[in-house]
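Student:
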Amino acid sequence: HEATHIIQKCNNNKTTEDVDKLEKKLHQKKRSALKFSTSMFSGNYAKELEAYVFEDKPKKVKKGIEKYCL
């Protein structure tokens, strides 16, 4: 999750994927965690959404780090 935020920081503080596509990929069980993160911690919805989607996609995170941060 936090590694995705690092990727976003390297990408001019923006998500790397379209929000509409990310919403379709988010597992239903993670929706309450996303809601909690954005309401309690003033997180940016799009960036938190991407972080929750990428949590169980280590290869995607690795590629993001290589593409945006290295």
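According to the numbering used here, the stretch in the sequence shown is residues 135 to 204, in order.
The beta carbon of each residue, even a glycine, is placed where N, CA and C say it ideally should be.
As the structure is a computational prediction, the values presented were derived from the model and not from experiment.
What does the alpha-carbon distance come out to for the pair Val-153 and Leu-160?
Tutor: 11 Å
Student: For Glu-136, which of Glu-189, Lys-194, Ala-180 has the nearest alpha-carbon?
Tutor: Per the C-alpha coordinates, the member of Glu-189, Lys-194, Ala-180 positioned closest to Glu-136 is Glu-189.
Student: Closer than 7 Å by C-beta to Ala-167: which residues in its own chain qualify, once you throw out the five before and the five after it? Chain order, please.
Tutor: Tyr-186
Student: Can you give me the C-alpha to C-alpha distance between Thr-149 and Arg-165, rounded to a whole angstrom?
Tutor: 18 Å
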